[in-house]
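Each remark here refers to the structure printed beneath this line.
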Amino acid sequence: MLKTRAKYHLGQVVRHKKHPFRGVVFDVDPQFNNTEEWYAAIPEDSRPRREQPFYHLLAENDQSYYVAYVSEQNLVADYSGEPVDHPDIPDLFGPFEDGLYPLHFQLN
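In structure tokens:
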């Protein structure tokens, strides 16, 4: 059985290391759990390892809002103190406070 520990947590604001976007973590997969087509679309020299946590983000850049799926190796914590303006954040989280978004619901 694969044992992994996620570095980032739900409600945390993170930033991509290579691409100009940031987002709020709303789900975590303990290892790659997307389609082979998605994985194959990443240039081979940039493909992340599958055996690491992958994060679902409510993401934003200068032009749009979207959902991103990003490997742990490509993320860093965002300590800017700036909120993320993704329009779906209020559906999952409370108001931005102390650099985090608190969950609206309890996890099992």
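Going by the working numbering, the sequence shown opens with residue -8, and the numbers climb by one from there. Ideal Cβ positions, reconstructed from N, Cα and C, are used throughout, including at glycine.
- By the Cβ criterion, the segment 37 to 57 is in contact with the segment 12 to 21, since at least three pairs of Cβ atoms, one from each stretch, lie closer than 8 Å.
- Counting along the chain, the unbroken alpha helix (DSSP H) around D82 starts and ends at I80 to L83.
- Boundaries of the beta strand (DSSP E) around A68: L66 to A68.
- In the DSSP secondary-structure assignment, Y(-1) is not bridged to any residue.
- Sequence-distant Cβ neighbours of Y92 in its own chain, meaning closer than 7 Å and more than five residues away, are G2, V15, I80, F84 and G85.
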